[in-house]
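First residue of the sequence shown: 1, per the UniProt record's numbering; consecutive thereafter. Just so it is clear, CB atoms sit at the ideal spot from N, CA and C, and this is done for glycine as well. Keep in mind the model is a prediction, meaning the values are calculated, not measured.
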Amino acid sequence: MSEQTPPPWQWDEPTWRGHVDRVRAGRSLSPSTWPGGARVAVALSFDSDHETIPLRDAETLPGKLAQGEYGARVGVPRILRLLQRHQAPASFFVPAVSALLHEGEAASYVEHGHEVALHGWIHERNTQIPAEAERELTLRAADTLERLTGTRPVGIRTPSWDFSPHTLAITRELGLVYDSSLMADDEPYELLAGGEPTGVVEIPVEWIRDDAPYFMMERFGSLRPYTPPRGVLSIWKDEFDQAYAEGGLFQLTMHPHIIGHRSRMAVLSELLEHISARSDVWYATHAQIAEYVLDQAAGTAPQEKTP
Ligand SMILES: [Zn+2]
């Protein structure tokens, strides 16, 4: 406590403005149309955390690890079958340790036409480790996923959406096309760093469109699921229907060890039936969406810098 840090009510304007401007939403990248004349883009994502949630907290007892193992053993095959039925490419965000524990799984995602993207090394909390450790783990995770799948990841989702003050610089150093950890919009946008455009696309997420807060349960704590699966279905249907009405993006985040259970897969299946009943839907990976909106923005941007 040698440095005197004033409390927020004493901050001067450059201080509070500086915090907000470090990483902020820039121009909207919402396109005027989706490929093939689709009215809505549907970005399904699965964070294949498996055992890494307990591992990153040094919870090494078999009980918690088995709950994660269920994701790989039961959840993933069910999810792949459902996606295949709907011909829906999706994005799988995979911690490198998870990919190494279940060798073959990450490659099988790519073989099924899905995307594999970054989700940390061992699901570490980026805001609780040194900047250099975050960088080294992210680079090592990128190399590991590339080795296992034959494809270099182009996107990142920070574990637990824990976005540190250094995450964006690491994302840019890796030359990634997009991030999917922030919540400033429903539609894709460009990230600003210190007020400057970065060219990095944000595919925004929200806890509303995440299975974890509805279903997680802690035996020895007060955390209990607060929404029945059919209640979640009704929220997600409304989210999709409004995205459809607006001609926008419907993005969903799920976890094989959470959504992969029978009563919840029944609900996900019903949701996809509801979506696929529309003929003008573009199921796409996060990478496909990021690349498409960047192309659209480049194609329609005014040529103001032409001499
Ligand atoms: Zn995760």
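- Our two residues, residue 250 and residue 219, have alpha carbons roughly 33 Å apart in a direct line.
- Non-local beta-carbon contacts of residue 203 in its own chain, meaning distances under 7 Å to residues more than five positions away in sequence, involve 43, 178, 180, 188, 251, 286, 289 and 290 in chain order.
- Contact between the segment 77-91 and the segment 109-125 is present: three or more C-beta pairs spanning the two stretches fall below 8 Å.
- In this structure, DSSP gives residue 190 an extended state, which the three-state scheme calls strand.
- Within 10 angstroms of the beta-carbon of residue 209 lie 16 or more other beta-carbons, which makes it buried.
- For the pair residue 170 and residue 146, the CB atoms are not nearer than the 8 Å cut-off.
- For residue 264 and residue 231, the gap between their C-alpha atoms comes out near 11 Å.
- A residue is called buried once 16 or more other Cβ atoms fall within 10 Å of its Cβ, and residue 109 is buried on that count.
- Within its own chain, the residues whose Cβ lies closer than 7 Å to the Cβ of residue 21, once the five positions on either side in sequence are excluded, are 194 and 195, listed in chain order.
- The count of Cβ pairs closer than 8 Å, one atom from the segment 24-34 and one from the segment 44-54, stays below three, leaving the stretches out of contact.
- Here the C-alpha atom of residue 38 lies approximately 44 Å from the C-alpha atom of residue 14.
- Secondary structure at residue 282: strand, using DSSP grouped into helix, strand and coil.
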